[in-house]
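So for the sequence shown, my numbering puts the first residue at 62; every next one is plus one.
Ideal placement from N, C-alpha and C gives every residue a C-beta, glycine not left out.
Taking it in order: structure first as structure tokens, then the write-up.
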Amino acid sequence: MLMSSVSRRLCAAAACLACAAAAFAQAELSLIPRPDSVQSREGRLTLRPGCAAALPAGCPESYGRALSEAAGFGVARADAPAAAAIRFLPADRLPSGAAPKGEGYALLVTPDALSVYASTPAGHFYGLQTAAQLLRAAPRENGSVALPGVEIRDAPRFGWRGYMLDEARHFSGREAVMRLLDAMAYYKLNRLHWHLTDSSGWRLEIKAYPKLTEVGSRGSETDRRPDAPAQFYTQAEIREIVAYAWERQIAIVPEVEMPGHADAAVLSYPELDGGGYVQKGRTDKWPRFTFNPAKPETLVFLDTVLKETAALFPGAGVIHFGGDEVHFGCQKWPSLPEVQSLMKKEGFTTIEEVETWFNRRMAASVNGLGFKTGGWDEVAARDLPRDKTVVFWWRHDKPQVLRGVLDAGYPVVLCPRRPCYFDFLQLESHTTGRRWSGINPLGDVYAFPEGLGLQPSDEAKVLGLQACLWAETTVSQARRDFLTWPRLVALAEAAWTPQARKDFASFQSRLPAHLQQLRARGIGFYDPFANSPEITDSQTG
Ligand code: TNX
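Rendered as structure tokens:
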């Protein structure tokens with residue numbers, strides 16, 4: 062039979078697409094985080110514009126949008142899986158093998174359909190992210206996408222896959238946070254630890270204490286003018302961002318720092334002052350570093366702040382209350398009348414006992430609101446309830462603190478300065494940022510936490526991993542992006558992918574496609590392949 066020229070051209074195009082799909086199937090799929098198992102299967106699936114997806118019941122609109130954006134064409138919504146080219150199905154419909162549990166999922170590409178199987182909304186969501194990554198990477202021809210046959214089984218190594226953003230030192234703002242949440246979700250990260258208060262700024266509207274944002278939100282680490290613009294989140298904005306994150310399976314864990322790192326709050330309400338920062342004899346840096354820990358007004362203030370915070374972050378599970386570096390600013394405590402009378406009443410002989418009393422008092426308040434208390438690792442010395450406290454281990458030079466925390470039975474988030482602090486340099490030749498007997502290059506982030514020598518019994522108590530972006534040296538969003546990406550992509554794989562599947566060379570081969578995708582999202586990054594120029598505040602501020 063003679064072929065028309067149109068159908069000949071269509072056949073040639075199909076053959077070409079088949080070649081591209083075959084080549085694509087042979088190379089490792091550029092999925093990040095690398096799934097637990099990926100097996101090639103016979104055949105391929107061609108998805109055409111207008112193809113339909115049967116999405117999980119009750120899922121947000123953003124699921125369909127994510128598929129359409131990744132495919133590059135509109136994906137319609139199908140009511141029933143039978144008619145759909147993309148299907149989200151319950152775990153027990155999986156044709157063979159163990160049904161995925163929890164955050165796990167299975168994804169099959171057959172000539173008929175791309176099917177995602179999971180037993181929870183989180184599992185379906187992570188299958189969706191993998192589907193989106195497959196679609197973005199697949200070859201295109203005449204507007205269609207050709208996916209190689211594949212069977213993926215996947216589940217995370219750690220349940221806490223986090224990123225801490227410091228908005229107190231420099232403010233990122235709503236749009237940057239939304240963009241960040243989208244990218245975090247794409248890499249299956251599920252906790253944003255939001256550092257909203259610190260000495261250089263208070264960024265969270267509290268209705269009972271309006272001066273916190275009228276006064277305390279002005280300025281930043283590098284701009285202390287009292288008439289600098291106010292920069293903070295209204296409660297309505299917080300609710301919007303929390304809901305946006307929730308749709309993406311990300312819990313936002315707020316941090317309200319106490320009793321230290323409190324200048325912005327004390328500047329707003331001077332009656333709460335507990336004295337300042339004394340380091341190497343300098344009292345000028347943070348003169349109001351601590352709250353007065355024993356003054357009844359302080360306790361009422363903090364209880365009220367925590368209560369409003371709890372109402373804004375209903376699904377957070379944890380409210381972080383800081384608790385770090387108090388020794389920098391508690392020198393005045395012994396001279397405060399309220400501290401003196403507390404010590405007398407309780408029979409305390411040391412300031413440490415006052416700190417412990419304060420921590421326990423505020424942890425009870427957090428717990429009373431139905432949340433666990435998060436605290437930097439100093440709080441492990443404060444005898445807080447093991448089952449209601451999450452310890453964030455940050456002092457990498459104190460492995461004995463981690464040991465003690467694990468032995469005491471606290472759940473732990475691992476976020477040691479090295480290699481998890483992204484305000485540290487990522488390349489020796491970079492000039493701006495911190496170093497502490499070393500720097501935090503991409504490979505070190507990727508290799509974490511293997512170097513810690515954790516035993517399986519320890520790992521059971523480790524909730525997970527977290528990167529922290531402290532923002533003292535980041536005036537611009539361009540610099541925050543430069544410090545964050547692609548190190549956060551590496552952290553995402555370290556937190557998700559089983560240890561036996563981690564391979565830095567493979568990660569590096571998959572990374573370039575993701576750098577392009579970050580660029581397409583409007584997110585900046587350091588390009589380790591091109592050794593792109595360092596972005597410092599002096600260039601961008
Ligand atoms: C230590 S981590 C801090 C932060 C700084 C950071 C800078 C922690 C609990 N405290 O206040 O921003 O170092 O790297």
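Give the straight-line distance between the Cα atoms of residue i and residue j, rounded to the nearest whole angstrom.
{"i": "V387", "j": "K405", "result": "21 Å"}
{"i": "D153", "j": "Y178", "result": "8 Å"}
{"i": "S98", "j": "V211", "result": "10 Å"}
{"i": "Q190", "j": "D564", "result": "21 Å"}
{"i": "S593", "j": "Y587", "result": "6 Å"}
{"i": "M423", "j": "G465", "result": "22 Å"}
{"i": "L430", "j": "L373", "result": "12 Å"}
{"i": "W557", "j": "A244", "result": "15 Å"}
{"i": "H322", "j": "Q296", "result": "22 Å"}
{"i": "E228", "j": "G104", "result": "49 Å"}
{"i": "E122", "j": "R580", "result": "24 Å"}
{"i": "V379", "j": "T450", "result": "8 Å"}
{"i": "T434", "j": "V427", "result": "6 Å"}
{"i": "E282", "j": "F352", "result": "19 Å"}
{"i": "V440", "j": "A132", "result": "48 Å"}
{"i": "N203", "j": "Q578", "result": "22 Å"}
{"i": "L410", "j": "G336", "result": "Strictly speaking, residue 410 in this sequence is Thr, with Leu absent from that position. Each residue's Cα considered, the two are about 20 Å apart."}
{"i": "E413", "j": "I267", "result": "30 Å"}
{"i": "L513", "j": "P472", "result": "16 Å"}
{"i": "D288", "j": "S278", "result": "10 Å"}
{"i": "Y330", "j": "L273", "result": "8 Å"}
{"i": "A269", "j": "E358", "result": "13 Å"}
Is it buried or exposed for residue i, if we count other Cβ within 10 angstroms and need 16 for buried?
{"i": "K249", "result": "buried"}
{"i": "A143", "result": "exposed"}
{"i": "V361", "result": "exposed"}
{"i": "P320", "result": "buried"}
{"i": "N501", "result": "buried"}
{"i": "R138", "result": "exposed"}
{"i": "D444", "result": "exposed"}
{"i": "S402", "result": "exposed"}
{"i": "A341", "result": "A small correction: the amino acid at residue 341 is Lys; Ala does not occupy that position in the sequence shown. It is exposed - the Cβ of K341 has fewer than 16 other Cβ atoms within 10 Å."}
{"i": "R70", "result": "Unreliable positioning characterises R70 in this predicted model, as indicated by a pLDDT of 49, which lies under 50. The coordinate reading is nonetheless provided below. Exposed, because fewer than 16 other Cβ atoms sit within 10 Å of the Cβ of R70."}
{"i": "K459", "result": "exposed"}
{"i": "D140", "result": "exposed"}
{"i": "W546", "result": "buried"}
{"i": "E554", "result": "buried"}
{"i": "R286", "result": "exposed"}
{"i": "A551", "result": "buried"}
{"i": "F590", "result": "exposed"}
{"i": "S599", "result": "exposed"}
Report, in whole angstroms, the separation of the C-beta atoms of residue i and residue j, which I expect to be a contact under 8 Å.
{"i": "F382", "j": "V317", "result": "6 Å"}
{"i": "Q538", "j": "S233", "result": "6 Å"}
{"i": "G184", "j": "G163", "result": "7 Å"}
{"i": "L253", "j": "I311", "result": "6 Å"}
{"i": "G585", "j": "F543", "result": "6 Å"}
{"i": "L524", "j": "W221", "result": "4 Å"}
{"i": "C481", "j": "A528", "result": "5 Å"}
{"i": "F509", "j": "R495", "result": "Going by Cβ atoms, the distance from F509 to R495 rounds to 17 Å, so no, they are not a contact pair."}
Just to confirm the assignment, what range does the alpha helix (DSSP H) spanning residue i have?
{"i": "K368", "result": "357-373"}
{"i": "Q578", "result": "565-581"}
{"i": "C481", "result": "478-481"}
{"i": "Q296", "result": "296-308"}
{"i": "D140", "result": "No alpha helix (DSSP H) contains D140, which DSSP labels as neither H nor E."}
{"i": "R642", "result": "The chain is shown only over 62 to 602; residue 642 falls outside these bounds and no answer can be derived."}
{"i": "L463", "result": "460-469"}
The beta strand (DSSP E) that contains residue i, what's its start and end?
{"i": "R443", "result": "Counting along the chain, R443 falls outside any beta strand (DSSP E), and DSSP gives it neither H nor E."}
{"i": "G383", "result": "379-383"}
{"i": "D227", "result": "221-227"}
{"i": "V506", "result": "Taken as a continuous stretch (DSSP letters only), V506 belongs to no beta strand (DSSP E), being part of the alpha helix (DSSP H) at 503-508."}
{"i": "W454", "result": "450-454"}
{"i": "Y166", "result": "166-170"}
{"i": "H185", "result": "Unbroken run through H185 is the alpha helix (DSSP H), 182-198; no beta strand (DSSP E)."}
If you measure from the beta carbon of residue i to each beta carbon in chain C, is any gap under 8 Å?
{"i": "T107", "result": "Given the protein chain composition of this structure (a single chain), no chain C is represented."}
Subject >> For the ligand TNX, residues whose Cβ lies under 6 Å from any non-hydrogen atom >> reply: D385, E386, W437, W455, Y482, D484, R495, W531, E533
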